[in-house]
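Chemist: Protein chains in written order, with the numbering used here: chain A, 1 to 259; chain B, 260 to 586; chain C, 587 to 985. Take this structure first; my questions come after.
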Amino acid sequence: MNNRIKASVRDLNLWYDEGAKQILYSIDMDIYAHQVTALIGASGCGKSSLLRCFNRMNELINGCKVRGEIVVDGKNIYDKDVSEVAVRTKIGMVFQKPNPFPKSIYDNIAHAPKIHGRVKRGLMCDKLVEESLRRVSLWEDVKEKLKEMGTSLSGGEQQRLCIARAIALKPDILLMDEPTSALDPISTQHIEEAIVELKKSYTIIMVTHNLQQAKRIADRVAFFHKGDLIEYNTSHEIFTHPQDKRTQEFIKDKYNQNG
Amino acid sequence: MDTVNIVMIVIIFAVLVYYWKKDRIDNRSKIEKSIEYMLILSAVLSIAVLSILEQSILFYTSKFFDTHSMWYFFTGTQWSADALNGAKFGAVPLFLGTMVVALIAMIVAVPIGVMSAIYLSEFATARKREIYKPTLEILSGIPTVVYGFFAAVTIAPVVVAFSNTLGIEASHSNALSSGVVMGIMIIPIITSLSDDVIGAVPNHYRNTALSLGLTQAEMIRFVVLPAASHGIIAAVLLGVSRALGETMIVLMAAGMRPNMSLNPLEDMATITVTIVDAFSGDHDVTSDETLSAFALGFALFVFTLMLNTVSIFFIRRFQKRYQYSNL
Amino acid sequence: MKKRRRRLPTKHPFEIRQLKSRSVKSYLFKWLSILTIFFALSFLFIFVSNVLYRGVSAFNQTYIQVPVDITQYAVTTNPRVAIQRDHRKLVSRAWVRNLPQMVKETPTLLNTREEMWILADDEVDQYIKGKSNKLTSKDRAIIDKLKAQNKIDLRFNIIFFTQGDSKMPEYAGFLSAIKGTVMTVFVTMMVSFPIGVMTAIYLEEFAQDSRVTQIIEININNLASVPPILFGLLGLAVFINVIGVPRSSALVGGLTLGLMTLPIIIVSTRTALRSVPNAIREAGFALGLNKFQMVWGNVLPLAMPGIMTGSIISLAHAIGETSPLLLIGMITFIPDSPSLVTDATTVMSAQIYTWASMPQGAYIERTSAAILILLGVMVILNMIAIMIRSRFSKRYNYE
Ligand SMILES: Nc1ncnc2c1ncn2[C@@H]1O[C@H](COP(=O)(O)OP(=O)(O)O)[C@@H](O)[C@H]1O
Ligand SMILES: [Mg+2]
Numbered sequence: 001m002n003n004r005i006k007a008s009v010r011d012l013n014l015w016y017d018e019g020a021k022q023i024l025y026s027i028d029m030d031i032y033a034h035q036v037t038a039l040i041g042a043s044g045c046g047k048s049s050l051l052r053c054f055n056r057m058n059e060l061i062n063g064c065k066v067r068g069e070i071v072v073d074g075k076n077i078y079d080k081d082v083s084e085v086a087v088r089t090k091i092g093m094v095f096q097k098p099n100p101f102p103k104s105i106y107d108n109i110a111h112a113p114k115i116h117g118r119v120k121r122g123l124m125c126d127k128l129v130e131e132s133l134r135r136v137s138l139w140e141d142v143k144e145k146l147k148e149m150g151t152s153l154s155g156g157e158q159q160r161l162c163i164a165r166a167i168a169l170k171p172d173i174l175l176m177d178e179p180t181s182a183l184d185p186i187s188t189q190h191i192e193e194a195i196v197e198l199k200k201s202y203t204i205i206m207v208t209h210n211l212q213q214a215k216r217i218a219d220r221v222a223f224f225h226k227g228d229l230i231e232y233n234t235s236h237e238i239f240t241h242p243q244d245k246r247t248q249e250f251i252k253d254k255y256n257q258n259g
Numbered sequence: 260m261d262t263v264n265i266v267m268i269v270i271i272f273a274v275l276v277y278y279w280k281k282d283r284i285d286n287r288s289k290i291e292k293s294i295e296y297m298l299i300l301s302a303v304l305s306i307a308v309l310s311i312l313e314q315s316i317l318f319y320t321s322k323f324f325d326t327h328s329m330w331y332f333f334t335g336t337q338w339s340a341d342a343l344n345g346a347k348f349g350a351v352p353l354f355l356g357t358m359v360v361a362l363i364a365m366i367v368a369v370p371i372g373v374m375s376a377i378y379l380s381e382f383a384t385a386r387k388r389e390i391y392k393p394t395l396e397i398l399s400g401i402p403t404v405v406y407g408f409f410a411a412v413t414i415a416p417v418v419v420a421f422s423n424t425l426g427i428e429a430s431h432s433n434a435l436s437s438g439v440v441m442g443i444m445i446i447p448i449i450t451s452l453s454d455d456v457i458g459a460v461p462n463h464y465r466n467t468a469l470s471l472g473l474t475q476a477e478m479i480r481f482v483v484l485p486a487a488s489h490g491i492i493a494a495v496l497l498g499v500s501r502a503l504g505e506t507m508i509v510l511m512a513a514g515m516r517p518n519m520s521l522n523p524l525e526d527m528a529t530i531t532v533t534i535v536d537a538f539s540g541d542h543d544v545t546s547d548e549t550l551s552a553f554a555l556g557f558a559l560f561v562f563t564l565m566l567n568t569v570s571i572f573f574i575r576r577f578q579k580r581y582q583y584s585n586l
Numbered sequence: 587m588k589k590r591r592r593r594l595p596t597k598h599p600f601e602i603r604q605l606k607s608r609s610v611k612s613y614l615f616k617w618l619s620i621l622t623i624f625f626a627l628s629f630l631f632i633f634v635s636n637v638l639y640r641g642v643s644a645f646n647q648t649y650i651q652v653p654v655d656i657t658q659y660a661v662t663t664n665p666r667v668a669i670q671r672d673h674r675k676l677v678s679r680a681w682v683r684n685l686p687q688m689v690k691e692t693p694t695l696l697n698t699r700e701e702m703w704i705l706a707d708d709e710v711d712q713y714i715k716g717k718s719n720k721l722t723s724k725d726r727a728i729i730d731k732l733k734a735q736n737k738i739d740l741r742f743n744i745i746f747f748t749q750g751d752s753k754m755p756e757y758a759g760f761l762s763a764i765k766g767t768v769m770t771v772f773v774t775m776m777v778s779f780p781i782g783v784m785t786a787i788y789l790e791e792f793a794q795d796s797r798v799t800q801i802i803e804i805n806i807n808n809l810a811s812v813p814p815i816l817f818g819l820l821g822l823a824v825f826i827n828v829i830g831v832p833r834s835s836a837l838v839g840g841l842t843l844g845l846m847t848l849p850i851i852i853v854s855t856r857t858a859l860r861s862v863p864n865a866i867r868e869a870g871f872a873l874g875l876n877k878f879q880m881v882w883g884n885v886l887p888l889a890m891p892g893i894m895t896g897s898i899i900s901l902a903h904a905i906g907e908t909s910p911l912l913l914i915g916m917i918t919f920i921p922d923s924p925s926l927v928t929d930a931t932t933v934m935s936a937q938i939y940t941w942a943s944m945p946q947g948a949y950i951e952r953t954s955a956a957i958l959i960l961l962g963v964m965v966i967l968n969m970i971a972i973m974i975r976s977r978f979s980k981r982y983n984y985e
């Protein structure tokens, strides 16, 4: 297995409400390239907050304060000379609810690359759209109706469109916040297949509330509890030999719940 | 017009009969019944106002077109109510004047109004927005006669002096000064509604756009504004409708002379001004001049009604898209 | 070679093409929007300061002390001769015209010859206030001399608040217009408040068929978008020609404006009713109240502040509106205050329009002063509306 470190979180703390509410406590973890890293834990333990630190989306929240480092390819993304726009270009994100823009399927994908000056309209652009849609296995379904609104697709297709939109920018890391929690089982399966395919080209960090999903597709799993990183190991280790008692309990509970 | 009246009467009658029958089944006190009748009566009255307005204007308008050609009214280029030298009722110069003034107003109001709305909904903090928005809305609460005075006494001399220094002839009453002042008056109308619709664009579009590495300006231009476009168009159309019907500013600052010209530095009469002018002399309602005013009024009524209908259509589409119903 | 390399910025993976220019554009866009709103807000400032600058001086009026010779001849035949020839152009003709009346009221004045403080002519007034005027240089010299003798004084312009319109600007006042406005908007509110509120209550609480309410909603929306001037045509055609309400009267003006403000009251009342939580209605029904008792006792009291706010705003609209009134004759010259709603009346906004079209500088000054009063009324009304609204939201928090 590839063991190159893509990103490392160093002593990361996070507060909301102008420092009144600490959510993350001194997180340290390494993210490995071309792997799927799953963040698990009870609801409200700070998974999404940590994920948003990776592309500096927390800066959009009033009163949110982040201290610590996230070093990606040897550069701390919180350094003064790094622009959040550049960070978000290099580190893409897929949200919990499918949220295509109220534009055509084509424009949903082509828009950001055009603004970034990556492609101009025309053949290059068409190719990019096709390639992105193929990677999420959506191309065959929508190639006839690229001009239709992105919102006209079904929920699962919309979410795949959103993934295609994010990877059209060819990011280094892809962040996903419970990307299948709003979807039916079939769509979930499609997305999971896409994720497994995508990790060949990207490093993926995803939050999931579904332990079976983490077991199925994640290479590494990090378990959080009330803002602390309790245990971080390969998926196999976490699910077969959890070290911490809290991890054991959580996994047992969740399995019982779902089973 | 008779059919509309008959329909109105039938509706009123049907409603009354319906309630009368219902009352015999429900056993309620007399006071309650009479209160409900009063409520129904006022509702019917309120609805009837628009129809009465239309009927009364249409009545005299049809009288006017009994003796004058409708074709010439809509295509003729000469308007002169002077009966001695042969009155001519070709309303094109008035339509043109109305358009020129409204166009100038929109050139002022649309960019300023929309940009202000962008500031209020995208950049301003909640506190600043709470202060700036009502302050700006004061502008639309100022009586139009005050704007007219301002246009005539303060802006017009500036316009004349400025164009004279450029060596251009400008009339003291001119379309430019009234158009500009009218634009100022319309700014808050556009800002207020645009701010509402931009604010109604769901936040996840903004987050998504930013997560794709767009700058804030790019996010606004390529995601927020297109998403709000139907609402903004509706706001602009309401502004246009307001500009077409505005009377006092043009009356006081744009002059009363029907003028087949597109030069904003000349004086020109609008539809509304000509209506007022028709009643400034004799008070005989059956004279050609006053009847022509009703015909102009009818044209204005149709124009603004059309604009309003289209505007509502756009708002509905906006609402449908975002299930937003507070407009 | 080495030196150049050191100058290069340190490369890192988060440097992307064109980022700098895009960031600058974004920054400029933000500042453009800030500038725009300040530009828009500055209009308000320009307006108010402009009107203040032009209008404040109207609250003072020039008086002039000249010898007056009240002879029998002057009282009975020609009051002008009471003033010396030199001064005749300097005093107000209104004062001269009133001389016989004055003598009648205080007969001891007859056959006196003394210096009196007299209202000055408007041109003198403008000259004293340093504004443009049509005085000849000879007249100016006389005034300068009088001024040196302290025989010219600026006093509070009481006439402006106690008199009606006049063809002599120095004697023109705003009182009859204020009275006319009060009477007109009284009629307006008598029409639009009950009808508007009752319509809204019916639509919101009683009407069941949603398609009918939708049609009514479109109808009212359209009514709100009709240009005000068309209501003038309506008033003329229906109230004056069909019903026979007297022209120029507060009654016809009030009725016309009443129809015009109707949609504002309906819409604001409906909003107020809609903002009353449904739980209140359910609680009412649960207590065994019927619909009328529930609406009257539970819903209306809660909606009342919202209804009042909307009505005050529509009142402000009615006060400021001019164009429909022009068509029903409310710009005629009316010096006397009206006493009945059927008397010929002018209103504040119409008076502003008439004065604004006068050539004399003194009228411009008075127009501005009248605008200040009109704007003052608007500010007060809106402040009342805001006060009611803020009390309303406070009350709502207790729910
Ligand atoms: N914008 C915010 N302001 C204040 N508190 C927040 C904000 N967003 C999240 N929180 C709080 O932070 C905690 C962690 O939230 P989150 O990261 O969304 O948890 P998770 O994704 O693990 O369910 C929660 O208690 C939540 O209430
Ligand atoms: Mg979460």
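Beta carbons are placed, not taken as given, at the ideal position from N, Cα and C, and that holds for glycine. Predicted model, so just to flag it, every value in this text is computed and none were measured.
Please look up how many angstroms separate the CB atoms of methionine 29 (chain A) and tyrosine 202 (chain A), rounded, as I've assumed it's under 8 Å.
Modeler: As a position in the first sequence, residue 29 (chain A) is number 29, starting the count at 1. As a position in the first sequence, residue 202 (chain A) is number 202, starting the count at 1. Methionine 29 (chain A) to tyrosine 202 (chain A), Cβ: 18 Å. No contact.
Chemist: Is there a C-beta anywhere in chain A that falls below 7 Å from the one on histidine 903 (chain C)?
Modeler: The residue labelled residue 903 (chain C) in the question sits at position 317 within the third sequence. False, the Cβ-Cβ gap to chain A never drops below 7 Å.
Chemist: Against chain B, which members of the stretch 55–68 of chain A pass a CB distance test of less than 8 Å?
Modeler: Hits within the stretch, in order: Asn55, Met57, Leu60.
Chemist: My assumption, with CB atoms under 8 Å, is that serine 609 (chain C) sits in contact with threonine 474 (chain B). Please give the rounded CB distance.
Modeler: For the purposes of this step, residue 609 (chain C) is taken as residue 23 along the third sequence, with counting starting at 1. For the purposes of this step, residue 474 (chain B) is taken as residue 215 along the second sequence, with counting starting at 1. Right, the Cβ-Cβ distance comes to about 6 Å (below 8 Å), so this counts as a contact.
Chemist: Can you tell me whether DSSP reads threonine 234 (chain A) as helix, strand or coil?
Modeler: Residue mapping note: residue 234 (chain A) aligns to position 234 of the first sequence, counting from 1. In this structure, threonine 234 (chain A) counts as strand in the three-state DSSP scheme.
Chemist: Going by Cα to Cα distance, which pick from C:His598, C:Arg603, C:Lys597 is closest to glycine 472 (chain B)?
Modeler: Here residue 472 (chain B) corresponds to residue number 213 of the second sequence, with the count starting at 1. Checked all of C:His598, C:Arg603, C:Lys597; the closest Cα to glycine 472 (chain B) is C:Arg603.
Chemist: Would a check of beta-carbon distances place valine 71 (chain A) closer than 7 Å to chain B?
Modeler: Along the first sequence, one-based indexing puts residue 71 (chain A) at 71. Not one chain B Cβ lies under 7 Å of valine 71 (chain A).
Chemist: I need the straight-line Cα distance from phenylalanine 239 (chain A) to glycine 63 (chain A), nearest angstrom please.
Modeler: Within the first sequence, the letter at position 239 stands for residue 239 (chain A). Within the first sequence, the letter at position 63 stands for residue 63 (chain A). Those two C-alpha atoms are separated by around 37 Å.
Chemist: Pick out whichever of A:Val36, A:Ser137, A:Asp81, A:Phe250 has its Cα sitting closest to the Cα of glutamate 601 (chain C).
Modeler: Taking the first residue of the third sequence as position 1, residue 601 (chain C) is located at position 15. Taking only the C-alpha atoms, the option nearest glutamate 601 (chain C) is A:Asp81.
Chemist: So does glycine 44 (chain A) have its beta carbon nearer than 6 Å to some heavy atom of ligand 1?
Modeler: As a working mapping, residue 44 (chain A) is identified with position 44 in the first sequence. Indeed, a heavy atom of ligand 1 lies less than 6 Å from the Cβ.
Chemist: Check whether the Cβ of serine 470 (chain B) lies closer than 7 Å to any Cβ atom in chain A.
Modeler: Walking along the second sequence from the start, residue 470 (chain B) turns up at place 211. At least one chain A Cβ lies under 7 Å of serine 470 (chain B).
Chemist: Can you give me the start and stop residues for the alpha helix (DSSP H) that arginine 681 (chain C) sits inside?
Modeler: Here the question's residue 681 (chain C) lines up with position 95 in the third sequence. Inspection of the sequence shows that residue 681 (chain C) is occupied by tryptophan rather than by arginine. 679–691 is the extent of the alpha helix (DSSP H) around tryptophan 681 (chain C).
Chemist: Using a Cβ cut-off of 9 Å, pull out every chain C residue sitting near methionine 511 (chain B), in sequence order please.
Modeler: Counted from its first residue, the second sequence places residue 511 (chain B) at position 252. Those within 9 Å of methionine 511 (chain B) in chain C are Tyr939, Ala942, Ser943.
Chemist: Specify the secondary structure class of serine 643 (chain C) as computed by DSSP and reduced to three states.
Modeler: Locating residue 643 (chain C) in the third sequence gives position 57, counting from the first residue. Helix, per DSSP.
Chemist: Assuming the contact rule is C-beta atoms closer than 8 Å, aspartate 708 (chain C) and glutamine 937 (chain C) should be a hit. Round their C-beta distance to whole Å, please.
Modeler: Here residue 708 (chain C) corresponds to residue number 122 of the third sequence, with the count starting at 1. Here residue 937 (chain C) corresponds to residue number 351 of the third sequence, with the count starting at 1. In fact, because the Cβ distance is near 17 Å, the residues do not count as touching under 8 Å.
Chemist: Could you list which residues in chain A have their beta carbon closer than 7 Å to that of leucine 473 (chain B), in chain order?
Modeler: Sequence index remark: in the second sequence, residue 473 (chain B) carries index 214 (1-based). Those within 7 Å of leucine 473 (chain B) in chain A are Ala112, Ile115.
Chemist: Assign tyrosine 649 (chain C) to one of two classes, buried (16 or more other C-beta atoms within 10 Å of its C-beta) or exposed (fewer than that).
Modeler: The residue you call residue 649 (chain C) lines up with position 63 of the third sequence. Buried, by the Cβ-count rule.
Chemist: Using 8 Å as the cut-off, can you tell me whether the stretch 188–195 of chain A makes contact with the stretch 121–133 of chain A, which would need three or more C-beta pairs spanning the two stretches below that distance?
Modeler: No, the stretch 188–195 of chain A does not touch the stretch 121–133 of chain A.
Chemist: Let's see if you can read the secondary structure: which residues bound the beta strand (DSSP E) around glycine 874 (chain C)?
Modeler: One-based indexing of the third sequence puts residue 874 (chain C) at position 288. Element bounds for glycine 874 (chain C): n/a, residue is neither H nor E.
Chemist: Express the C-alpha separation of alanine 429 (chain B) and serine 422 (chain B) in angstroms, rounding to a whole number.
Modeler: To locate residue 422 (chain B), count along the second sequence from 1; it is residue 163. To locate residue 429 (chain B), count along the second sequence from 1; it is residue 170. When rounded, the distance between both Cα atoms is 6 Å.
Chemist: State the beta-bridge partners of methionine 149 (chain A) as determined by DSSP.
Modeler: Against the first sequence, residue 149 (chain A) aligns to sequence position 149. Answer is A:Ser104.
Chemist: Locate the beta strand (DSSP E) running through glutamine 22 (chain A), then write down its first and last residues.
Modeler: Taking the first sequence and counting its residues from 1, the one referred to as residue 22 (chain A) is at position 22. Taken as a continuous stretch (DSSP letters only), the beta strand (DSSP E) holding glutamine 22 (chain A) covers 21–32.
Chemist: Can you list, in chain order, the residues of the stretch 179–201 of chain A whose Cβ is nearer than 8 Å to any Cβ on chain B?
Modeler: Here the close residues number zero.
Chemist: According to DSSP, is phenylalanine 481 (chain B) part of a helix, a strand, or is it coil?
Modeler: Stepping through the second sequence from its first residue, residue 481 (chain B) is reached at position 222. Looking at phenylalanine 481 (chain B) - three-state DSSP - the assignment turns out to be helix.
Chemist: Return the residue from the list B:Val460, B:Ala487, B:Met444 that minimises the CA-CA distance to isoleucine 508 (chain B).
Modeler: Taking the second sequence and counting its residues from 1, the one referred to as residue 508 (chain B) is at position 249. Ranking the options by Cα distance to isoleucine 508 (chain B), first place goes to B:Met444.
Chemist: In the DSSP assignment, find the unbroken beta strand (DSSP E) run with glutamate 69 (chain A) in it and report its ends.
Modeler: The sequence position of residue 69 (chain A) within the first sequence is 69, counting from 1. It spans 65–72 - the beta strand (DSSP E) in which glutamate 69 (chain A) sits, taken as one unbroken run.
Chemist: Should aspartate 341 (chain B) go down as buried or exposed, given a rule of 16 or more other Cβ atoms within 10 Å for buried?
Modeler: Counting from 1 along the second sequence, the entry for residue 341 (chain B) is found at position 82. Burial call: exposed.
Chemist: For alanine 168 (chain A) and chain C, any beta-carbon pair shorter than 7 Å?
Modeler: Counted from its first residue, the first sequence places residue 168 (chain A) at position 168. Closer than 7 Å: no.
Chemist: What is the DSSP secondary structure of valine 460 (chain B), counted as helix, strand or coil?
Modeler: By one-based count along the second sequence, residue 460 (chain B) stands at place 201. Reduced to three states, the DSSP call for valine 460 (chain B) is coil.
Chemist: Are the beta-carbon atoms of glycine 92 (chain A) and proline 171 (chain A) separated by less than 7 Å?
Modeler: Within the first sequence, residue 92 (chain A) is the residue found at index 92, counting from 1. Within the first sequence, residue 171 (chain A) is the residue found at index 171, counting from 1. Closer than 7 Å, so yes.
Chemist: Using the C-alpha atoms, what's the distance from leucine 848 (chain C) back to alanine 273 (chain B)?
Modeler: Position 14 of the second sequence, counted from the start, is the residue given in the question as residue 273 (chain B). Position 262 of the third sequence, counted from the start, is the residue given in the question as residue 848 (chain C). The alpha-carbon atoms of alanine 273 (chain B) and leucine 848 (chain C) are separated by roughly 24 Å.
Chemist: Mind checking histidine 241 (chain A): buried by the 16 CB within 10 Å criterion, or exposed?
Modeler: Here residue 241 (chain A) refers to the residue found at position 241 of the first sequence. With fewer than 16 other Cβ atoms within 10 Å, it is exposed.
Chemist: Considering only residues of the same chain and omitting the five flanking positions on each side of proline 113 (chain A), which have a CB-CB separation below 7 Å?
Modeler: Within the first sequence, residue 113 (chain A) is the residue found at index 113, counting from 1. Closer than 7 Å at Cβ, skipping near neighbours: Val119, Leu128, Ala168, Leu169.
Chemist: With a threshold of 8 Å on Cβ separation, who are the neighbours of glutamate 985 (chain C) within its own chain once the five nearest residues in sequence on each side are excluded?
Modeler: The count along the third sequence starts at 1 and reaches residue 985 (chain C) at position 399. Because glutamate 985 (chain C) sits at a pLDDT of 37, beneath the cut-off of 50, its placement in the model cannot be relied upon, and the point is left open.
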